[in-house]
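Data first, discussion second: the structure below is written as structure tokens.
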Amino acid sequence: MQELLAYLQDPELVARFQRRCGLFLVGAAHPSRRRTGGHTGASVRAEGPRGQLSGSWDHQDSNSNYKYKENGCAVSDGTKPQYEVRNWLLHILFLFSAGLGHEIFYITCLPCIHWSLDPFLCRRLVNMWGLVMYIGQVMKDLLKLPRPVSPPVVKLETRVDAEYGLPSTHAMAATSISFTLLFSAPSRLQFQFEVGLLIAVTLSSLVCLSRLYTGMHSVLDVICGVVMSAVILLLTYPCWETLDHLQLHTRISPIAVPALLLFLCYKYPDLDHYSTTRGDTTTILGACAGSSVGYWVNEQLGETFEPQGTLPVPLPTLTANALALCTGRFFVGVVALVGTRQIVKTTSLHVLYSWYRVSKNDHNARRRKEIEVPYKFTTYTAVGLVHSILTNRIFILLGLL
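Going by full-length UniProt numbering, the first residue of the sequence shown is number 1, and it counts up by one from there.
This is how it looks when you write it as structure tokens:
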């Protein structure tokens, strides 16, 4: 078993997949040959024996992409190697697919399901998204297993390079959202289940493969992400209806849910270096908190904006007028969300900087836990409230709904 896990974590496995898809490290020799420095000027170290774990399974203090140890010495990961793309169709496909797993994509596009399809489905997707992402991010920072090293892997993303690897939260989010929608939609919408299953498998597979193509995860990271999502779905599926009822009809829901999620943000595991995982997790939980309160408010007001008629209802007919209204709702909604984010972010940072007596020019101060958690949680709670309560009422005023 240890050998299998080591093989699945081997960065050369990722590098081979990249080369098969037409992505090559410039200046790097064939894996079987001795590696020399590339034309970028960065020295390329010889990789260890194939099948050997690049890190301890028991405990590892730092991510190999943040700093990694060689002969007991800490070495910084220097110049980013250059690469050559020989298959632009796959390159564009996988970069687009990788974007489908980012937090900002979900915060922008999940509301479209609320605005143009069914708020019930959006609420359930947001709840599951928050659950799997928190579990995945915490597991990532507790296990502290490194991402694939470069070389031999080509890394196409740099923002999350200081994060740990296992599990792949992109794979977790894509799998959980695709299949939560598939399992929830039959009671709400009329559609052919087989077609929905094909779409769910295709989208989640593309996101998973994109994490290998971009060099951000090992095969083991992706497999663990998919398996963890499947387990979470199976364990929570029987409770979905009960949780929906508690969320919408319990009097303490608008207080208890945000308080619990904020508590989880503050209890997020601390690392020995700054990582974007805590901030990204706070962003997600903040959006979930605001959405939860918003859906509770809509339920109390009796304005849930759900489809009219006997459920399941037919899928909306895609006419030119319907497409124009949907596009209008999207742009107006995104402007409302982006505007809310900018206003609340600026205001909350100003208040927190003043409270902690931090210079406004100190941009690194927002990485401090006492500033990052409250400003991001407040900002995205406001975004969730606007998405769930305000936007549909603006659409009615503008004749878009």
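Just so it is clear, CB atoms sit at the ideal spot from N, CA and C, and this is done for glycine as well.
| Check | Outcome |
| --- | --- |
| Bridge partners - V313, DSSP secondary structure assignment | L189 |
| As assigned by DSSP and simplified to three states, the class of V132 | helix |
| Euclidean distance between Cα positions of T169 and K369 | 22 Å |
| V85 - partner residues in DSSP beta bridges | L23 |
| Under 7 Å between C-beta atoms of L325 and L398 | no |
| Contact under 7 Å by Cβ, A15 with P119 | no |
| For H387 and residue 405, believed in contact at Cβ under 8 Å, the rounded distance | It is not possible to answer for residue 405, since the shown part of the chain is limited to 1 through 401. |
| Rounded straight-line distance, which links the Cα of L5 to that of P148 | 14 Å |
| Classification of H59 by the beta-carbon crowding that lies within 10 angstroms, buried from 16 upward | The predicted model places H59 with a pLDDT of 37, which falls under 50 and marks its position as unreliable; any figure quoted below should be read in that light. Exposed. |
| The alpha helix (DSSP H) enclosing residue 406, as first and last residue numbers | Because residue 406 is not part of the residues shown, which for the chain are 1 to 401, the question remains open. |
| Spatial neighbours of A174 in its chain, beta-carbon cut-off 6 Å, leaving aside the 5 residues before and after | G101, S204 and V207 |
| Among A256, G165 and C239, nearest to I223 - alpha-carbon criterion | G165 |
| Buried versus exposed, by CB contacts within 10 Å (16 or more), S97 | buried |
| Reduced DSSP category for E306 - H, G, I as helix; E, B as strand; rest coil | coil |
| Which of helix, strand or coil DSSP assigns to R147 | coil |
| Proximity below 7 Å, CB of E306 to CB of T214 | no |
| Beta-carbon spacing of T236, Y134 below 7 Å | no |
| The segment 108-124 touching the segment 259-278, judged by at least three CB pairs closer than 8 Å | no |
| Three-state secondary structure (DSSP) of A336 | helix |
| Pairwise C-alpha distance: C265 and W355 | 20 Å |
| Per-residue DSSP class, three states only, for N127 | helix |
| Assumed close pair V332, I371 - CB separation to whole angstroms, cut-off 8 Å | About 32 Å separates the two Cβ atoms, so there is no contact after all. |
| CA nearest to the CA of L262, picked from A320, V383, H249 and T283 | T283 |
| Exposure of residue 428, with buried meaning 16 or more beta-carbon neighbours within 10 Å | Residue 428 cannot be examined here, being either before or after the span of the chain that is shown, 1 to 401. |
| Beta carbon of residue 432 nearer than 7 Å to that of G136 | Any question about residue 432 goes unanswered here, given that the chain covers just 1 to 401. |
| Backbone CA spacing between L89 and Q190 [nearest angstrom] | 34 Å |
| Contact under 7 Å by Cβ, S184 with S229 | no |
| Straight-line Cα distance separating T242 from T381 | 24 Å |
| Other residues of its chain near L248: CB distance less than 7 Å, five sequence neighbours each side excluded | Y295, W296 and E299 |
| Contact with chain D by F191, beta-carbon distance below 7 Å | No chain D appears in this structure, which consists of one protein chain only. |
| Neighbourhood of V219 by C-beta, 6 Å cutoff - its chain only, sequence neighbours within 5 removed | L8 and L13 |
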